[in-house]
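Enquirer: Pasting in a structure now, in structure tokens, and then I'll have a few things to ask.
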Amino acid sequence: MLHRRGERPNPLSLWVAALLFAVSENLWALYTPVGASEYALFRAVGLSAVLLFAALVVSAVAASDRPLVSDLPRLRAEGLPSRRRAARLGVTVLLAGLALSAVPFGFASVSGEVPEDAETVEVRDYTVTYVEGVPNQYVPGVEFSFEAFGRSVELDTRETSNVLSSGVVVFSERRGIWIEAVPKGRLAFLGNAEMWVGGIGWRERVLAARQGWSLQGNGTAYKVYLRRDGERRRLAYRTDRVTAAPTVAGRNVSIRPTAEGFGLRVDRGNRTLGRAPIPDPYNETRVGGLTLNRTDRTLYAVRNDTRVQVAQREVPRAQRD
1496 MLHRRGERPN PLSLWVAALL FAVSENLWAL YTPVGASEYA LFRAVGLSAV
1546 LLFAALVVSA VAASDRPLVS DLPRLRAEGL PSRRRAARLG VTVLLAGLAL
1596 SAVPFGFASV SGEVPEDAET VEVRDYTVTY VEGVPNQYVP GVEFSFEAFG
1646 RSVELDTRET SNVLSSGVVV FSERRGIWIE AVPKGRLAFL GNAEMWVGGI
1696 GWRERVLAAR QGWSLQGNGT AYKVYLRRDG ERRRLAYRTD RVTAAPTVAG
1746 RNVSIRPTAE GFGLRVDRGN RTLGRAPIPD PYNETRVGGL TLNRTDRTLY
1796 AVRNDTRVQV AQREVPRAQR D
């Protein structure tokens, strides 16, 4: 309209307006996933793209119709696009590039595959489970094929994708979704979490709970339960056995999550001396020549006059006093 009227806007005002538009639309936020809940943000590239966008918009509106390179001989310059047309082409290419960067994610497919030992909760077409270190199916990499020199060339980076997920996952093959609903760290912090799934006119709740024992100097043995609202809980995940660092009379104490609770094992070298369930609070049990004494949340290994803390019941940080 301004071009038909023979009017040209103030370049500075137009540049500021284009800059504000680009910022409001988050065109500066150029990032790539490096984890299920982590992203690498390219601030410098994003800022450069925003400044370039604003400059191209100003040129597309306020530039003249002279050839892009005016110092060339007339016959050669006539075949070149005008400065305004070149700027418009630049805006189109820039926006198309930003849009095309999201195309691979639009072709992400959900296979519904879970580890063989994973327990799932089914809510109609939704599946809820707990996983650790599995490939994120929503960021599967790129898969395509083409013909070149009479040969078929296939490229598939799905198997080498380094975007892994750990936590409570909700997916639906029919709906084409795969979501890490509650990351592993968040469930450890809260202890309990809830997820809602549903569709038009309905929704249901699935609950997740984590229980564990922290072994002195050597990590945590824990398990995760999932439960559909109104149903019994299911053991969805459990870690391997974890051994406490302290040694008492040449013996080591380890804890392993079980379906019923947590089990103790006492070893000396490569020999297993005994097994038993963890005793109830303010009780003790004798295993493999050690007395395992439990207070409210702490487990001690006792031998003669030696008493060493070997484990402590995990208390989520969100539930601590």
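In the working numbering, the protein residues as written are 1496 to 1816. Even for Gly, the Cβ is constructed at its ideal location relative to N, Cα and C.
(1) Compute the Euclidean distance between the alpha carbons of R1669 and V1737, then round it to the nearest angstrom.
(2) Report the partner residues of V1752 according to the DSSP bridge assignment.
(3) Starting from the Cα of D1775, find the closest Cα among V1663, N1788 and R1763 and give me that residue.
(4) If L1721 and A1813 are in contact, beta carbons under 8 Å, what's the gap, nearest whole angstrom?
(5) Quick check: the Cα distance between Y1625 and Y1732, rounded to an integer number of angstroms?
(6) Can you give, in chain order, each stretch of the beta strand (DSSP E) that sits fully within the region 1645-1722 and has at least 3 residues?
(7) From L1659 to R1705, what distance separates their C-alpha atoms?
(8) What are the partner residues of L1525, as DSSP defines its beta bridges?
(9) Three-state secondary structure (DSSP) at Q1632?
(10) Who does T1738 pair with in a DSSP beta bridge?
(11) Below 8 Å, can you find three or more Cβ-Cβ pairs linking the region 1741-1748 to the region 1784-1800?
(12) Answer with buried or exposed for A1535, where buried requires no fewer than 16 other C-beta atoms within 10 angstroms of its C-beta.
(13) Count the other CB atoms within 10 Å of the CB of Q1632; is the residue buried (16 or more) or exposed (fewer)?
Expert: So, to answer that:
(1) Distance from the CA of R1669 to the CA of V1737, rounded to the nearest whole angstrom, comes to 39 Å.
(2) Per the sequence shown, residue 1752 should be read as Pro rather than Val. The secondary-structure analysis by DSSP pairs P1752 across a beta bridge with F1757.
(3) Taking only the C-alpha atoms, the option nearest D1775 is N1788.
(4) About 19 Å separates the two Cβ atoms, so there is no contact after all.
(5) The straight-line gap from Cα to Cα measures roughly 6 Å.
(6) Along the region 1645-1722, the beta strand (DSSP E) occurs as fully enclosed runs of 3 or more residues at 1646-1651, 1659-1667, 1672-1678, 1687-1694 and 1697-1710, listed in sequence order.
(7) Cα to Cα, the separation comes out at about 20 Å.
(8) In the DSSP output, where bridge partners are listed per residue, L1525 has none listed.
(9) Three-state result, Q1632: coil.
(10) S1749.
(11) Result yes; three or more Cβ-Cβ pairs closer than 8 Å.
(12) The Cβ neighbour count for A1535, taken over all protein chains shown within 10 Å, is under 16; the residue is labelled exposed.
(13) Answer is buried; the Cβ neighbour count reaches 16.
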